[in-house]
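What follows is a short report on a single structure.
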Amino acid sequence: MTNKSPLHRVHQFTALAGLAAAATLAASQAHAAPTYQLSTIDSTLQSPVMNTNGTLAGISQNQLAIFQNGVTQLTSLPADTTSSYAMAINDQGVVLGGAGRSTLVGGDVGQAGHWVTDNQQQFLYQNGQLTNVQQIIGLPLVSSTPGPQAFISDLNNRGELSGTMSLAGSPGSQAFVFRNGQIQTIATPDKWTNVSAAGINNLGVVAGNYNYLSPGDSQETFGVFLDDHGKLTDLGRGMRVNGFNDQGQIVIEDSAGTSIYDNGHFTKISDSSDVGPHSFFRSLGLGGDGTVIGYTLSDTWTSLPVIYADGQRLDPNTLIDPQSAAQHHITDLLTINGHGDILAVDQSGQQVLLKPLSAVPEAGSFSLMATGLALLGALRRRRGVKSARP
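The sequence shown lines up with residues 130 to 519 when you count with our numbering.
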């Protein structure tokens, strides 16, 4: 898989800062050496994805842009569209993207006007060339007449595409893989009414979701599946796949929280946010090394960046050297690639790259990290910092 008021009292601030520093220091002492090397990059791309070569694809000036070797290059918009974006990028630099045309109708937005988006499409981009995906697979993204439609969710290094196809004359959907120039539907139980492919890894294995309503039931059943070239595995739980790698590990989210599936076993990362803000965890990506990036919430429900590795939820600022942490306090994690490289943002808005130096230490410091995260959340609140995430 290819690869959110000024200080009330000076004394309170000083005390909190001291406690946070102490917690961070204790954590850094527990980790004898930094586990990531931080470097700054000149990218300003929004909503980026990153391949193992470090090439980024994202949004600049409301359209798809590529950041490679320190240079940002804007791509051309597909005909009759006003914006474009990246969904995935493989190691050959092929980008799966989308585009559409937005038009303001009905007057000003503040006076009952609203935006209408049409001419939506998906494309593959490589070396300056845009190719319409729907023309490749032979099915439209949006159809004005009854009939099959298809949405592509991911691509891998083989050029294979995973997608979801609506069924003619039926409200249901079916997952498929486009490989060797053909659509290959994924065979699933008949009772699975809606089946969608979330991603495809570089081995051609597909991870996806399903749901159905059994006769007499008032609530739908949701689940996650794996399809390995026709061998279907029903994982039996989960509502959404939010990360999938070549090891077959899957990050799964549902109303009960977030878990990671690995070789037949589920490991809980977090509980439902109903338990409290600190129990919350939202995944933003899964690296090829099994590292999960995401964010948790402070006691005021503002977001705090988290790296999950070896069974621990860790503050990324404790995983880099103290000088880098002081100069580039990390506030957001954006994306992670197959090597475990992480693109992040510091407190000034500068994008930085975190490259693994070694495995994340297994030293028992979860409680210290939790304390540090909570105190840093309090400091954020007192500085008036608000998360950009919903």
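For glycine and all other residues, C-beta sits at the position ideal for the given N, C-alpha and C.
Item, Value
"Sub-8 Å separation of G365 and E382 beta-carbons", "no"
"T322 vs A304 beta-carbon contact at 8 Å", "no"
"Buried versus exposed, by CB contacts within 10 Å (16 or more), N559", "The question about residue 559 has no answer, for the chain in this structure spans 130 to 519."
"For L296 and P318, believed in contact at Cβ under 8 Å, the rounded distance", "No, P318 and L296 are not in contact; Cβ-Cβ is about 15 Å, not under 8 Å."
"R411 versus H394 - alpha carbon distance", "20 Å"
"Neighbourhood of L154 by C-beta, 6 Å cutoff - its chain only, sequence neighbours within 5 removed", "Low confidence applies to L154: its pLDDT is 37, below 50, so where it sits in the model is not reliable enough to give any reading."
"Beta-carbon proximity of S176 to I188, cut-off 8 Å", "yes"
"Cβ-Cβ distance between I379 and T420 below 8 Å", "no"
"Rounded straight-line distance, which links the Cα of D475 to that of G385", "Reading off the sequence shown, one finds Ala at residue 385, where the question assumed Gly. So the two alpha carbons sit approximately 31 Å from each other."
"Proximity of L174 and L167 at Cβ, strictly below 8 Å", "no"
"Under 8 Å between C-beta atoms of V262 and A215", "no"
"Where the alpha helix (DSSP H) containing A316 begins and where it ends", "First-last for A316: undefined, no H or E at that position."
"Residue of I195, T201, F351 minimising C-alpha distance to I218", "I195"
"Nearest neighbour of Q479, chosen from G328, H458, N331 [CA to CA]", "H458"
"Spatial distance of N371 from I422 (CA atoms)", "11 Å"
"3-residue-minimum beta strand (DSSP E) runs that sit fully inside the segment 328-387, ordered along the chain", "334-341, 350-357, 360-363, 369-373, 379-383"
"Collapsed DSSP secondary structure at Q190 in the structure displayed", "coil"
"Endpoints, alpha helix (DSSP H) assigned at A455", "451-456"
"Residue range of the alpha helix (DSSP H) that includes Q264", "262-266"
"Beta-carbon proximity of A228 to S212, cut-off 8 Å", "yes"
"Under the three-state DSSP convention, the category P445 falls into", "helix"
"Three-state secondary structure (DSSP) of S408", "helix"
"For Q303, the first and last residue of its enclosing beta strand (DSSP E)", "302-308"
"Inter-residue Cα distance where the pair is P344 and F351", "15 Å"
"Short Cβ contact (8 Å threshold) for V353 with A326", "no"
"Residue(s) in a DSSP beta bridge with V223", "Per DSSP, none; premise fails for V223."
"Where P485 sits in the DSSP three-state scheme", "strand"
"Inter-residue CB distance, L486 and A473 (contact presumed, cutoff 8 Å)", "Going by Cβ atoms, the distance from L486 to A473 rounds to 15 Å, so no, they are not a contact pair."
"Proximity to F409 [Cα-Cα], best of D418, P434, D439", "P434"
"7 Å CB neighbourhood of Q202 in its chain, flanking five on each side removed", "A194, I195"
"Within 8 Å, strictly: CB atoms of R254 and K484", "At residue 254 the sequence reads Tyr, which differs from the Arg that was named. Result no, Cβ atoms of Y254 and K484 do not sit closer than 8 Å."
"Short Cβ contact (8 Å threshold) for N330 with N285", "yes"
"Local Cβ density within 10 Å of P163, reported as buried at 16 or more and exposed below that", "buried"
"Sub-8 Å separation of G467 and D375 beta-carbons", "yes"
"Spatial neighbours of V223 in its chain, beta-carbon cut-off 8 Å, leaving aside the 5 residues before and after", "L253, Y254, Q255, L284, G288"
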